[in-house]
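Residue numbers (our numbering): 5 to 270. Don't be surprised by glycine CBs; every beta carbon is placed ideally from N, CA and C. See below for the structure under consideration.
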Amino acid sequence: MSVSHVVNLSGGVCSFWCAQRVIQRYGRKGVVLLFADVMMEDEDLYRFNEQAAQHLGVPITRISKEMTPWELFASEGMIGNSRAPICSVKLKREPLDMWHRANTLELTTTLHVGIDWTEEHRLHDLRRRKPTWKIEAEMCEPPLWDKCKMLTELRALGIEPPRLYTFGFPHNNCGGFCVKAGQAQFALLLRTMPDRYAWHEQQEANLRDQVGDFSVMTDRRGDGKKKPLTMQALRERIEAGESFDRDDWGGCGCALDSEPTERREA
Ligand code: SF4
C-alpha cells in the first residue's frame, strides 16, 4: 500500500480528532496511524488507542525503541529535563521521522500532527524545520475546538477519553509524568497516583547516584537562580504543607518541538 497520509497518533485526544478529520477528508486508503510507544504510558492509553483505531477503521502502526525514558537516561548518563528532553527526541521524534523517511515519499505523503489552534506556533516551527515535508494540523482549522469540546465530542462517539484527562492532566503522555512538566503537574501526579510518583522518585534517586546533582525539575526559591529540585524534595515540601509553584505546569511538546539536547548545568 502506498502511504498518502501519516497521522502521528500520540494517545491524546487532539491527535485522535486530527486522525478523524483526515479520514473524513481523504478516506481510509493510504492512511497510517503511527504511534511511538515509550513503554511508560498510562495503561488506559492502550485501551483508548485500541478503541480509537476501531472507530477510525485503521489499525495502529506501533514503533518503539523498546525502552523507557528512564532506561534511556541511564544509558546516556544524564537525567532528561525541560532543556534537554532527550526522551522526546530519541524515543519519539527520531523513530517517527525515521519511519516516515523509510516508508513514504516526501512529495506525495502528508504528515498530520495533533497540534491545535492554541499552539499553532509549533506547526510553523515544524514546517520551518522540515521545509520539504508536507505537514498539516487539522485541529488548527475550523471548526476550532478546545480540549473540553474534544472530550465532549469523544464521549458523544461512545469513546471514553483517556483517564488522565479526568484526573486533570493536560495531556496523556508518559502516564502523567514528563521531564518537561512543572511542579504543578508533579503535585497532581503525587495526589492522583502516589505509587507512580514514588516509582519515578526512586528512578531519579537511583540515577542521581550515578550522574550527580541533576533532576527533572528546577526551583528558583531563595536567590532566584535555577537549581535542581528532586522529586523527593518536592514531595517532602508538599507533605510538610510548604508552598510550591502551583502555576508551573511546564509544557509538553513531546515528539514535535525542536529542542536542544544539551546537558543542563546544575
Ligand atoms: S512525554 Fe515527556 S517524559 Fe515522556 S517522552 Fe515525551 S518529553 Fe519525555
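Item: LEU49 and VAL10 - do their beta-carbons sit closer together than 8 Å?; Value: no
Item: Could you check what DSSP says for ASN85 in three-state terms: helix, strand or coil?; Value: strand
Item: Spatial neighbours of PRO63 within its chain, please: C-beta separation below 7 Å, excluding the five flanking residues on both sides.; Value: ALA57
Item: Please indicate yes or no: does the CB of VAL17 lie closer than 7 Å to some heavy atom of ligand 1?; Value: no
Item: Considering only the alpha carbon of each residue, which of ASN210, GLY84, GLY179 lies closest to THR196?; Value: GLY179
Item: Any heavy atom of ligand 1 closer than 7 Å to the Cβ of LYS177?; Value: Sequence inspection shows Asn at residue 177; the Lys mentioned does not correspond to that position. Checking every heavy atom of ligand 1 against the Cβ of ASN177, one is found closer than 7 Å.
Item: Can you find the residues in the same chain that come closer than 7 Å, C-beta to C-beta, to PRO264, ignoring five residues on each side of it along the sequence?; Value: For PRO264, the predicted model reports a pLDDT of 45, less than 50, meaning its position is unreliable and no value from the coordinates is stated.
Item: For PHE171, tell me which candidate among GLN189, MET44, MET154 has the shortest Cα-Cα distance.; Value: GLN189
Item: To the nearest angstrom, report how far apart HIS125 and ASN176 are at their CA atoms.; Value: 21 Å
Item: To which residues of the same chain is ARG66 closer than 6 Å at the C-beta, ignoring the five residues directly before and after it?; Value: PHE39, ASP41
Item: Do HIS204 and MET154 count as a contact pair if the criterion is CB distance below 8 Å?; Value: no
Item: Where does the unbroken beta strand (DSSP E) through PRO63 begin, and where does it stop?; Value: Segment: none, PRO63 is in no beta strand (DSSP E) and carries neither H nor E.
Item: Going along the chain, which residues of its own chain have a beta-carbon closer than 6 Å to the beta-carbon of CYS18, five neighbours each way excluded?; Value: GLY118, ASP120, MET143
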